[in-house]
Each structure stands twice: as structure tokens, then as C-alpha cells.
Amino acid sequence: MVAFRPETEIAGFSSFFETGARLGAKHILVAAYDPDLGRFADRFAGFCEAAAQHGLTADLEFMPWTFVPDLATASAIIEKVGKANAGILVDALHFDRSKSLVGDIARIPVDRLHYWQICDGPANLRRPPKK
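The sequence shown maps to residues 1 to 131 in the working numbering.
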């Protein structure tokens, strides 16, 4: 997982992309820990461009304690970024916690759903505080 924070610099990921491609990876999970969503979207677009050079997708996971807390926010960012390899990662547990609507999933273009996670944690786990 790549956690984008205000100080995240795309240039530092060169070895990460190269190693992922060498290992046969296809997708990168991205989480937004940057409160400035405009800055995050700009950096995420650059990250997508760099990842694409290695055949990798960049998939934004929305989680209620991050600055992309729900599917609507994730969808808006992916649309703004407009990169072919930018996707939305839906984790069933976080989807439920985010109060997003099942009908909203149907509005996501299929080419933006590269993979899913199915409940990667206990349902009764307390949410971490927003950073």
C-alpha cells in the first residue's frame, strides 16, 4: 500500500515501480492521508503516469478515516485524474463502514474496477482516528 501524505514525492517511487513490475505485480493500492484533495489528485495523477510506464494500475481505496472516506469522493478524484490506469479499490468492509450505496458501484465504469478486497479485517474493529 502507498499512503499519500502531504510530503509524498512521486520521484521516490522509481525502485518501487521497477520492483513491482519485475515481480509481476499488476496493481498498487493507494490511500489518501493528505487533507488537501487538490494536491492529492495532482500527485496521484503523476503517480498513475509513472506506474503506467511499468504496466501497473493505481487503485484508490476509500476508507472512512482517510481523506477519501467514501465511494463518491473516490469516484470524483478518479474522474478528475482521468488516467487510464487509475482505479477504485472497493473493500467490502470499508464500503459498509463508509455508508456508500450499493447503487453507486453500478455507476463506476468497469475499466476502473481492477480488483476488489473482501473484508480484510474484523467488522467490530474500532476505526483509527483521522490523521
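We put the beta carbon where it would ideally sit given N, CA and C, even for glycine.
Asked, Found
"Under 8 Å, with one C-beta from each stretch per pair, do the stretch 88-105 and the stretch 11-22 reach the 3-pair mark?", "no"
"Pick out whichever of GLU18, HIS27, PHE17 has its Cα sitting closest to the Cα of LEU113.", "HIS27"
"Could you tell me which of ALA52, ASP36, ARG43 sits nearest to ALA84, measuring between CA atoms?", "ALA52"
"If you follow the beta strand (DSSP E) that ASP59 is part of, which residue opens it and which one closes it?", "57-61"
"Buried or exposed for MET63, going by 16 or more other Cβ atoms inside 10 Å?", "buried"
"What does GLN53 pair with, by DSSP beta-bridge criteria?", "Answer is none; GLN53 lacks a bridge partner."
"Please report the straight-line C-alpha distance between LEU56 and ILE77, rounded to a whole angstrom.", "18 Å"
"Report yes if the C-beta distance between LEU29 and LEU89 is below 8 Å; otherwise report no.", "yes"
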